[in-house]
Structure formats: C-alpha cells, structure tokens
Amino acid sequence: MPPHSEVYSAVYNHFSKSQCVAIFPEGTSHDNEHMLSLKYGCAVMSLGYLASKEPDAFGKERKLKIVPCGLNFFNRHRFRSRVFVDVGQPIEIEQRLVDLYRSGGEGKRQACQELLKTIQTSLTELTVNAPDYNTLLFFKTASRLYRENLPSELSFSKKLALLRKIAKKYTANTPPTDEARKLKYEVVMYIQKLRSHRLSPPHMSTTPVSLFLYLPLLVILFILTMPGLILFSPIGLIAKYVGKKQGENAMLYDDNSLAITRWPGRDVIATWKMMSGLVLFITFDIIYSIIMVHFIKKCNLYEFHGRKDIFILGFCIFAFFWTVIAYATILLWERLCWVGKRTWVGVWSLFNPRERKSLTSWRNELTIRVCRWVDNGE
Numbered sequence: 009m010p011p012h013s014e015v016y017s018a019v020y021n022h023f024s025k026s027q028c029v030a031i032f033p034e035g036t037s038h039d040n041e042h043m044l045s046l047k048y049g050c051a052v053m054s055l056g057y058l059a060s061k062e063p064d065a066f067g068k069e070r071k072l073k074i075v076p077c078g079l080n081f082f083n084r085h086r087f088r089s090r091v092f093v094d095v096g097q098p099i100e101i102e103q104r105l106v107d108l109y110r111s112g113g114e115g116k117r118q119a120c121q122e123l124l125k126t127i128q129t130s131l132t133e134l135t136v137n138a139p140d141y142n143t144l145l146f147f148k149t150a151s152r153l154y155r156e157n158l159p160s161e162l163s164f165s166k167k168l169a170l171l172r173k174i175a176k177k178y179t180a181n182t183p184p185t186d187e188a189r190k191l192k193y194e195v196v197m198y199i200q201k202l203r204s205h206r207l208s209p210p211h212m213s214t215t216p217v218s219l220f221l222y223l224p225l226l227v228i229l230f231i232l233t234m235p236g237l238i239l240f241s242p243i244g245l246i247a248k249y250v251g252k253k254q255g256e257n258a259m260l261y262d263d264n265s266l267a268i269t270r271w272p273g274r275d276v277i278a279t280w281k282m283m284s285g286l287v288l289f290i291t292f293d294i295i296y297s298i299i300m301v302h303f304i305k306k307c308n309l310y311e312f313h314g315r316k317d318i319f320i321l322g323f324c325i326f327a328f329f330w331t332v333i334a335y336a337t338i339l340l341w342e343r344l345c346w347v348g349k350r351t352w353v354g355v356w357s358l359f360n361p362r363e364r365k366s367l368t369s370w371r372n373e374l375t376i377r378v379c380r381w382v383d384n385g386e
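Position one of the sequence shown corresponds to residue 9 (the numbering used here), numbered consecutively onward.
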C-alpha cells in the first residue's frame with residue numbers, strides 16, 4: 009500500500025470519530041507575498057471520506073464541513089509578534105461533487121478541481137495576497153497612512169479588514185489603473201526614502217521636543233535591562249548565529265544582495281532562533297541555578313539539611329527566579345528598542361529639520377491621496 013493511502017485511511021478514521029484535521033494545503037506560502045496553488049490532498053481527503061457509503065463510527069451518515077482559516081500577522085519573523093486567526097464560513101460539500109468523485113476517472117478529477125477552487129477562493133478572502141514584495145509594501149503603508157486620518161486607533165481585526173480592502177481595490181483591475189500604479193510608485197519611493205535615513209512610518213510623528221521625554225526614559229530602561237542582558241545575551245547571540253547558518257544552508261539568507269526587509273524566509277530563520285533559544289535558555293537556567301545554589305551554600309546564607317533541601321532550593325531558583333528575570337528582560341528590551349527608535353528619530357529630526365519638513369509634507373500629501381483613493385474610488 010502506498011504511504012499516502014495510509015495517511016488518507018488514518019484521516020478517514022479520524023473524521024469517522026467526529027474529529028477534525030488541521031492542514032496547510034498551500035505548502036510553503038509562508039515565504040511568499042501570496043498563496044501558492046493548493047495541493048489536491050485536502051480535496052481528496054474530503055471527497056474520499058464522503059464518497060464511502062459506510063456509516064461513521066457512531067453508525068450515522070457521514071458528514072463533513074471544511075472550515076477555512078486565515079493566519080494574518082504583520083511581523084511574522086519577529087519574536088512575540090501578534091497573529092490574527094480569521095475563521096471563514098464553513099464550506100458545505102455538494103452531493104453532486106461526491107457523486108462525481110465516486111464515478112472515478114475524469115469525474116473524480118473534475119470534482120477535486122471544483123472543490124479545490126472553492127477552498128482557494130475562501131482562503132484568498134481570509135488572507136492578504138500580493139503579486140510581489142513592493143505591492144505588499146504598498147498595501148501595508150497605504151493602510152498605515154489611511155489610519156493616520158482616523159480619530160481613534162483601530163483594533164487589530166479592523167486594521168486587517170482595511171488592509172484587505174486596499175488589496176482588493178488594487179487587484180480589482182488587471183492591470184491596475186494608472187492612478188493606482190502612480191500612487192503605489194509614490195508610496196514605495198516614500199518608504200525607500202525613509203529607509204535611507206533609517207526611519208520608518210510609525211516613528212515620523214516623533215519631534216525633537218520628544219527627546220526631553222525619551223532620553224531620560226532611554227537611560228532608565230538601559231540601566232534596568234543591563235543585568236538581564238549580560239546574563240542572557242549569549243543565548244541571543246548563539247541563537248542568531250544558528251538562525252543565520254540555517255538560513256545560509258537553505259539558501260534563504262544573503263545579506264550582501266538583499267536588504268534586511270527583503271530576506272526571503274525570515275520566518276524560517278526566526279523559527280530556528282526560537283528552537284535554539286529554548287534549548288539554550290534551559291541550559292543556561294540550569295547552569296545559573298547550580299552556581300546560585302553553590303554560592304548560597306559556600307557563603308552560608310542558608311542552612312542546608314541534606315541533599316533534599318539543596319534540590320528544592322535549586323528547583324525553585326530554576327523554575328521561578330531566572331525565568332522571571334528572563335521574561336522581565338524581554339519586556340524591558342522591547343520597550344528599550346521602542347524608545348531607542350523614537351530617540352533616534354528625535355535626534356535625526358534635530359539635525360535635519362529641512363529633510364524632516366520635506367518628508368512630513370510628502371507624507372501628508374500621500375495620506376490625502378490614499379484616503380481619496382480608498383474612499384471615493386478612481
């Protein structure tokens with residue numbers, strides 16, 4: 009029996025018990041700006057199960073629904089980035105397709121193709137798809153510029169809905185209209201100009217006056233972060249090295265030919281960083297706990313009564329003390345980076361007032377054009 013037949017048989021048994029199976033039929037789309045063509049496996053699993061005339065494990069008629077889900081996140085390669093899981097309407101499989109599948113041959117192929125097309129359409133509506141990187145960059149930047157005109161901050165789900173609206177509007181015409189192409193070109197040029205100064209759109213609201221707040225805050229956060237950073241920086245450095253080597257091995261990492269924002273497979277590199285970081289954290293946690301217990305014992309800070317006391321104290325230090333310090337360091341480091349970026353923008357604005365004024369005017373002009381394009385059509 010071929011290996012895939014065993015897989016399908018196991019899936020059918022799972023369905024028969026009224027249980028679900030989560031699959032990613034698009035393969036390696038996580039490295040692309042758009043979904044790849046779906047694999048036929050999901051259609052074969054669904055139709056193959058319903059095509060059988062045998063009852064399920066409970067003696068009832070076989071029933072099955074396909075629930076499309078979209079994973080949406082803006083910084084998929086970053087640690088602790090947010091993700092929004094969008095669940096679509098369940099897909100009811102027509103009896104006509106089941107009968108067509110039972111007929112075998114060309115009918116079976118046609119049934120799989122029709123169901124696959126339905127699944128593809130549902131998934132496309134739940135995700136943001138772009139033909140290339142610059143178009144995706146335009147979608148995200150246009151969404152951010154549009155939100156700057158709103159009176160209040162949008163929720164994550166509403167931000168995603170706005171992003172999809174912009175993507176749908178741009179791709180509604182093939183090829184895109186002249187106005188859309190010109191707007192895309194201007195927005196991408198604006199982003200490239202910002203990046204040439206090591207700036208990004210979210211930070212452009214920072215003014216030189218903000219330095220009175222951000223500079224003292226930066227110093228305080230730096231002092232609070234340093235102890236944990238010294239203790240756990242080896243983990244980050246080693247994990248970064250492992251991620252880079254794995255990316256090079258997979259031919260996904262090339263810092264000479266691509267800018268950091270254009271690395272393909274950055275989420276794959278981040279996955280290796282996470283896996284190696286977890287192993288390293290446990291290793292360093294054990295080492296630091298042993299050193300701490302040895303220090304307490306040597307300095308007579310606690311009177312031990314046998315190995316049991318040593319084990320309990322060591323476990324408490326391992327499970328609580330270092331874990332809390334590590335987590336606090338992560339939170340402080342995130343805030344430090346956040347404040348550091350805005351401090352840099354404030355310093356840059358202080359020494360480049362004309363350039364800042366020019367970029368601000370450009371941003372305001374693009375904001376007006378984006379809002380007009382999104383709201384009023386072309």
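Backbone N, C-alpha and C define an ideal beta-carbon position, used for all residues, glycine too.
* Residue closest to LEU288, alpha-carbon to alpha-carbon, out of PHE240, HIS12 and ILE127 -> Put simply, of PHE240, HIS12 and ILE127 the residue whose alpha carbon is nearest the alpha carbon of LEU288 is PHE240.
* Asked: CB-CB under 7 Å to HIS22, same chain, minus the five flanking residues each way: which ones, in chain order?
  -> Hits under 7 Å: VAL29.
* Consult DSSP for GLY112 and reduce its assignment to one of helix, strand or coil. => GLY112: coil per DSSP, three-state reduction.
* Option in ARG88, SER45, LEU105 and ILE318 with minimal Cα separation from LYS281 -> It is ARG88.
* Asked: According to DSSP, what are the bridge partners of LEU55?
  -> Answer by DSSP bridge pairing: none, since LEU55 is not bridged.
* Do three or more CB pairs link the segment 129-142 to the segment 153-166 at distances below 8 Å? -> Taking a cut-off of 8 Å for Cβ pairs, the segment 129-142 and the segment 153-166 do not touch, as fewer than three such pairs fall below it.
* Asked: Per DSSP, GLU100 forms a beta bridge with which residues?
  -> Looking at the DSSP assignment, GLU100 forms a beta bridge with LYS73.
* **Assigned secondary structure, ASP262 (DSSP; H/G/I helix, E/B strand, else coil)** => Its pLDDT being 46, under 50, ASP262 is placed unreliably in this model, and the coordinates cannot settle the point.
* Could you tell me which of TRP330, LEU124 and THR279 sits nearest to VAL301, measuring between CA atoms? => Shortest Cα-Cα distance from VAL301 to any of TRP330, LEU124 and THR279 involves TRP330.
* Around the Cβ of ASN372, are there at least 16 other Cβ atoms within 10 angstroms (buried) or fewer (exposed)? -> Counting of Cβ neighbours within 10 angstroms places ASN372 among the exposed residues, the total staying below 16.
* Could you say if the segment 325-345 and the segment 288-297 meet the contact criterion of at least three C-beta pairs nearer than 8 Å? => With a cut-off of 8 Å, the segment 288-297 and the segment 325-345 count as touching, because enough Cβ pairs lie within range.
* To do: Keeping to the same chain, check which residues put their C-beta closer than 7 Å to that of ARG172; ignore five residues upstream and five downstream.
  => The beta carbon of ARG172 is closer than 7 Å to those of VAL136 in its chain, skipping five residues each way along the sequence.
* To do: Reducing DSSP to helix, strand and coil, say where GLY78 ends up.
  => For GLY78, the secondary structure class from DSSP, reduced to helix, strand or coil, is strand.
* Considering only residues of the same chain and omitting the five flanking positions on each side of ARG377, which have a CB-CB separation below 7 Å? -> Answer for ARG377: LEU191, listed in chain order.
* Per DSSP, the bridge partner or partners of PHE92 -> Answer is ASN80.
* **C-alpha distance - TYR178 paired with ALA188, whole-angstrom precision** => Distance between the alpha carbons of TYR178 and ALA188 is about 7 Å.
* For GLN97, does the count of other Cβ atoms within 10 angstroms reach 16, so buried, or fall short, so exposed? -> Classification of GLN97: exposed, given that the 10 Å Cβ count is below 16.
* To do: Would you mind listing the alpha helix (DSSP H) stretches within the segment 281-340 that are 4+ residues and don't spill past its ends, in chain order?
  => Within the segment 281-340, the complete alpha helix (DSSP H) runs of at least 4 residues are 315-324.
* Could you tell me whether the segment 108-124 touches the segment 41-53, where touching means 3 or more Cβ pairs closer than 8 Å? => Enough Cβ pairs lie closer than 8 Å, so yes.
* Asked: Where does ALA24 fall in DSSP's three states?
  -> Strictly speaking, residue 24 in this sequence is Ser, with Ala absent from that position. SER24 falls in the helix class under three-state DSSP.
* What's the call for SER151, buried or exposed, on a 16-neighbour Cβ count within 10 Å? -> By the 10 Å Cβ count, SER151 comes out buried.
* Skipping 5 residues on each side, what residues in its chain have a beta carbon closer than 7 Å to that of ALA267? -> Residue placement at ALA267 is poorly supported in this model, since its pLDDT is 43, which falls under 50; the coordinates still yield a value, given next. Excluding positions up to five away in sequence, the list is empty.
* Pull up the distance between the alpha-carbon of THR351 and that of THR215, whole angstroms please. => One C-alpha to the other measures close to 9 Å.
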